[in-house]
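In our numbering, the protein residues as written are 2 to 271. Cβ atoms here follow ideal geometry from the backbone N, Cα and C, with glycine treated the same way. Some notes on the structure that comes next.
What follows is the structure, given as structure tokens:
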């Protein structure tokens, strides 16, 4: 919000801008926010002299801009709650304007400014402080199928374990579990991890903590780094936010494949 309003110090604005350039997921989400805000101000500028059906206006923006491709307005936010809070901000802006004396000619311009500011603040408050469950946040960040670091760790496997991992990537989670299970007692960290992930995908309710919990806190170990990420997500899914935060924080100490993701996830649960 400070970045868009121009209140962010130049140095930090530069850092955020560089992060936007290098982080595709963050950039997509940021562009979504700008898109909705720009469309909102555009419509308000045209309709500023006419009565506005606020709820209909917001719904039209959501539908026209295809916000649901992101999972909600914004992602993982209940649409009714979003509309309610935005309407409340717009109503308050009009009440504040009525208290201000001034010529009618300047009313629409000032009203537009108030509405734009109020709507933007309401939107960003919802975006930055979403009332979503830990399970919803987990679902947003959990995506082993697109995890290059996880895939890289699996390349050292052979035989049945390699086949079991291939089954996992092809969506055959039960078969993957059957092939990997005989090897999880052999102290192969990556096999334990893939077995646990297959269990999660298949809806298995067994205690997966012994399989997922990293055996080392040294982040230089690629496999343990990957396990730290998925263990942190597992704890979050269970609702153990406090311990999840402990493990995710380890991933923000120095650069690793999950450095940026862990920082964004921590901002969601702090």
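(request) Within 10 angstroms of the Cβ of residue 157, are there 16 or more other Cβ atoms? Answer buried if so, exposed if not. (result) Here residue 157 refers to the residue found at position 156 of the chain shown. Result: exposed.
Residue 205 versus residue 241 - alpha carbon distance | Looking up residue 205 in the chain shown gives position 204. Looking up residue 241 in the chain shown gives position 240. Going by the C-alpha atoms only, they are around 19 angstroms apart.
| task | Within the same chain, show all residues whose beta-carbon is closer than 8 angstroms to that of residue 164, passing over the 5 residues directly before and after it, in chain order. | result | Taking the first residue of the chain shown as position 1, residue 164 is located at position 163. Here the set comprises 180.
Worksheet item: How is the alpha helix (DSSP H) around residue 205 delimited, first residue to last?
Response: The residue you call residue 205 lines up with position 204 of the chain shown. That residue, residue 205, is in no alpha helix (DSSP H); it is neither H nor E in DSSP.
Which residue's Cα is closest to the Cα of residue 222: 210, 255 and 211?
The residue you call residue 222 lines up with position 221 of the chain shown. Comparing Cα-Cα distances from residue 222 to each of 210, 255 and 211, the minimum goes to 255.
Notebook entry, point to check: Which residues in the same chain as residue 213 place their Cβ atom closer than 8 angstroms to its Cβ, once the five residues preceding and following it in sequence are excluded?
Noted result: If you number the chain shown from 1, residue 213 lands on position 212. Excluding residues within five positions, the ones whose Cβ falls inside 8 angstroms are 193, 194, 197, 228, 231, 232 and 235.
### Task
Decide if residue 259 is buried, meaning its Cβ has at least 16 other Cβ atoms within 10 Å, or exposed.
As a first step, residue 259 must be located in the chain shown, where it is residue number 258. Counting Cβ neighbours within 10 Å, residue 259 comes out buried, since at least 16 surround it.
Exercise. Hey, out of 166, 249, 247 and 182, whose CA is closest to residue 146's CA?
Worked result: The residue you call residue 146 lines up with position 145 of the chain shown. When only C-alpha atoms are compared, the closest one is 166.
Quiz prompt | Segment limits, alpha helix (DSSP H) that includes residue 158 | solution = Working through the chain shown from its first residue, we reach residue 158 at position 157. Residue 158 -> no alpha helix (DSSP H), and no H or E assigned at all.
Point to revise | Enclosing alpha helix (DSSP H) for residue 253 [first to last residue] | key: For the purposes of this step, residue 253 is taken as the residue at position 252 of the chain shown. Careful: residue 253 lies outside any alpha helix (DSSP H) and carries neither H nor E.
Helix, strand or coil for residue 69? Go by DSSP, reduced to three states. Residue mapping note: residue 69 aligns to position 68 of the chain shown, counting from 1. For residue 69, the pLDDT reaches just 43, beneath the cut-off of 50, and the residue's location in the model is therefore unreliable, although a value from the coordinates is still provided. If DSSP states are grouped into helix, strand and coil, residue 69 belongs with the helices.
So, under 8 angstroms CB-CB, residue 178 and residue 199 are touching, yes? Tell me the CB distance rounded to an integer number of Å.
Position 177 of the chain shown holds residue 178. Position 198 of the chain shown holds residue 199. By a beta-carbon distance limit of 8 angstroms, residue 178 contacts residue 199. Their separation comes to about 5 angstroms.
Checklist line | Buried versus exposed, by CB contacts within 10 Å (16 or more), residue 263 | finding: Against the chain shown, residue 263 aligns to sequence position 262. With at least 16 other beta carbons inside 10 angstroms of its own, residue 263 counts as buried.
- Task: Starting from the Cα of residue 186, find the closest Cα among 211, 203, 168 and 170 and give me that residue.
- Result: Taking the first residue of the chain shown as 1, we reach residue 186 at position 185. Minimum Cα distance to residue 186 is reached at 211.
**Q.** Three-state class that DSSP yields for residue 189 in the structure shown
**A.** Along the chain shown, one-based indexing puts residue 189 at 188. If DSSP states are grouped into helix, strand and coil, residue 189 belongs with coil.
Roughly how far, in whole angstroms, is the beta-carbon of residue 20 from the beta-carbon of residue 27, given that I think they are within contact range, below 8 angstroms? Along the chain shown, read from residue 1 onward, the residue named residue 20 stands at position 19. Along the chain shown, read from residue 1 onward, the residue named residue 27 stands at position 26. Contact holds; Cβ gap of about 6 angstroms.
*asked:* If contacts are defined as beta-carbon pairs under 8 angstroms, then residue 237 and residue 270 qualify, I think. What distance do you get, rounded to the angstrom?
replied: Numbered from 1 along the chain shown, position 236 holds the residue referred to as residue 237. Numbered from 1 along the chain shown, position 269 holds the residue referred to as residue 270. Their Cβ separation, rounded to whole angstroms, is 7 angstroms, which keeps residue 237 and residue 270 in contact under 8 angstroms.
Is the separation between the beta-carbon of residue 215 and that of residue 225 shorter than 9 angstroms?
Here residue 215 corresponds to residue number 214 of the chain shown, with the count starting at 1. Here residue 225 corresponds to residue number 224 of the chain shown, with the count starting at 1. Cβ atoms of residue 215 and residue 225: closer than 9 angstroms.
Quiz prompt | Straight-line gap, residue 243 to residue 189 (C-alpha atoms, nearest Å) | solution = For this step, residue 243 is matched to residue 242 along the chain shown. For this step, residue 189 is matched to residue 188 along the chain shown. So the alpha carbons of these two residues sit roughly 28 angstroms apart.
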